[in-house]
Every structure is written in C-alpha cells, then in structure tokens.
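Residue numbers (our numbering): -6 to 258.
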C-alpha cells in the first residue's frame, strides 16, 4: 500500500535466526537474513503513509551486499568473500541503500532509496503538487531514459537519465512514428551519460566541486514514454509520480467538465 516501515536502527547482516519480520527482528533480504527491528507504537510497527512529511537529521548510505556504511567516491573497506561483486566502486548508486535518520515524527531510520530508485522526495508534500510541471520517474532498468534534442528518434541524443531519476514534464506530443514523447527538464550528475554539451544552470544548488562549480547540470529535451515496439520490447520508460497529497484544480472551461465513470470517453 506504499507504506514505509520505520526501523529502530540500521539493518545488519545476521548469520542465524528465523525468516520473516518477526520478534527476532530478522527479515529475508535477497536470500540473506538481515536484522531489522521496527519502531513499535502500541505494539504495532510504525509506518509512513504516502504524503507523510518527516524531518531527517542525516542520510546514511549502505552497501546493498554487505550493509556496511559507504562513503561515495571512496571505499567502505575490505569485503567478505561471499560478496557477489568484490571489485565494484562504492560510488555506484546501483548498489546503494540510502536510509534517512529521522528526527520526527519518531526517531528511527527509513529506507529512502533502493539502488538509485527514490522512495522519498525532498521538500514538503505541497511542493510536489503546486508546481508548473508534472513529476515523472524513470522506471526503465537498467537502460534509463534517452534524452534527445527533438521529438524524432533521429534527433541528437544529449544524455541518458539513469533508472530512478525524477524529472519534470511540461508537455506531451506524438512524433511521426506515433510514439508518445515527453518534454522534460532534469538535473543530473555531470557524469551520467553525457553525450553532448550540458545546459548549465546559474543556480543549480546542491553539491559543489572544490572549485565551486555544481556537480549537476540542467538537461532539457524529449524522452519516450514507452519503449519503441520496433525494438521488440514493450513497457514504460517513465511513469508519472502519484500526488503525495490531493491536488486542487479549478474548472476553467465555460462548458464545464464532464465526469465519466471510467477513463474511456
């Protein structure tokens, strides 16, 4: 139902214990037993429903295979022999679990991102509703979404938005091949699939390099909503992010708005 469980501490690997999310605190995570005790309120596990706002004091990144703390750009230390990919770079978000250390509504930890796919977005819930564009999330794994200069697939490709990226969509159109194309704006890491000149923003914000420049670049262009059927594949490239809270709209058409029982006209 979209709820996130609040944990009393960061999860860790365990050599024994039963499976399940029971009293012994063990849960099956990709074939391994992980110790993860939930925060209990009146005997029930504390969960966060969609639209719930929290305050976080810190963000902690764990390696998905060892559950050891990771420092992006560095190394988390020696890895046990059972690790599947012992030479992987700790800067690779595809092997990261990001937890937020909560200050409210209760102290604890909540999973915010899995392998680069965000479960929580920063800012108050209203900021994701009261905005001029719509938020969509890249769901195509592992290829991501190709950003091109124009509507047609023959136009130049500027970059690739990685799996899990949240982008702003301000328009939709159909190209000559009958493919649904979305006009997007996204801020991505400068190293994510650069294939052309980035359009730099004078106010990117966020992290900065040692020379004071932002590590993010602004990307604008068009992406496909669905995979091209001619490729032999089907499925979504991106999906709309559901509103975290109800959004208020005003009917502005003089003839009013017709309400139907289903999505079809």
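Backbone N, C-alpha and C fix where the C-beta goes; we use that ideal spot for every residue, glycine too.
Between residue 15 and residue -3, what straight-line distance do the alpha-carbon atoms span, to the nearest angstrom? Residue placement at residue 15 is flagged as unreliable, the pLDDT there being 44, under the threshold of 50; the coordinate-derived value follows with that caveat. Here the C-alpha atom of residue 15 lies approximately 17 Å from the C-alpha atom of residue -3.
Cα-Cα separation, residue 78 to residue 62: Low confidence applies to residue 78: its pLDDT is 37, below 50, so where it sits in the model is not reliable enough to give any reading.
Our contact map puts residue 27 next to residue 4 with C-beta atoms below 8 Å; I'd like the distance itself, whole angstroms only. Contact holds; Cβ gap of about 5 Å.
Three-way DSSP call (helix, strand, coil) for residue 254 in this model: Taken through DSSP and simplified to helix, strand or coil, residue 254 comes out as coil.
For the segment 90 to 104 against the segment 127 to 140, do three or more pairs of beta-carbon atoms, one drawn from each stretch, fall closer than 8 Å, so that the two count as touching? Counting Cβ pairs under 8 Å, fewer than three are found: no touch.
Enumerate in chain order the residues of its own chain whose CB-to-CB distance from residue 141 is below 6 Å, with the five nearest sequence positions on each side excluded. Answer for residue 141: 148, 150, 214, 215, listed in chain order.
Cβ-based burial, residue 217 [other Cβ within 10 Å; buried from 16]: Counting of Cβ neighbours within 10 angstroms places residue 217 among the buried residues, the total reaching 16 or more.
With a Cβ-Cβ cutoff of 8 Å, do residue 94 and residue 160 count as a contact? No. Outside cutoff.
Tell me the rounded alpha-carbon separation between residue 51 and residue 177. Take the alpha-carbon of residue 51 and the one of residue 177: they are about 30 Å apart.
By the three-class DSSP mapping on this structure, what secondary structure does residue 120 have? In this structure, residue 120 counts as helix in the three-state DSSP scheme.
According to DSSP, is residue 223 part of a helix, a strand, or is it coil? It is helical.
What are the boundary residues of the beta strand (DSSP E) that residue 312 is part of? Here the chain comprises residues numbered -6 to 258, so residue 312 is not present and cannot be evaluated.
Assuming contact is defined by CB atoms lying nearer than 8 Å, are residue 121 and residue 237 in contact in what I supplied? Their beta carbons are under 8 Å apart, which means residue 121 touches residue 237 by this criterion.
Have a look at 41, 173, 31, 2 and flag the residue whose alpha-carbon is nearest the alpha-carbon of residue 221. Considering only alpha carbons, the answer is 173.
Nonlocal neighbours in the same chain, by C-beta distance under 8 Å from residue 133, ignoring five residues either side: Exclusion of the five residues before and after residue 133 leaves 156, 220, 228, 229, 230, 231 as the residues of its chain whose Cβ lies within less than 8 Å of its Cβ.
Leaving out the 5 sequence neighbours to the left and right, which residues in its chain are closer than 8 Å to residue 34 when beta-carbon positions are compared? Scanning its chain for C-beta atoms nearer than 8 Å, with the 5 sequence neighbours on each side dropped, one finds around residue 34 the residues 99, in chain order.
So, using beta-carbon positions, are residue 250 and residue 241 closer together than 8 Å? Residue 241 is positioned such that its CB atom lies no closer than 8 Å to that of residue 250.
So which of 167, 234, 256, 252 has the shortest CA-CA distance to residue -5? The closest CA to that of residue -5, considering only 167, 234, 256, 252, is found on 234.
Under 6 Å Cβ to Cβ from residue 163, same chain only, skipping five residues before and after it: list those, please. Hits under 6 Å: 126, 176.
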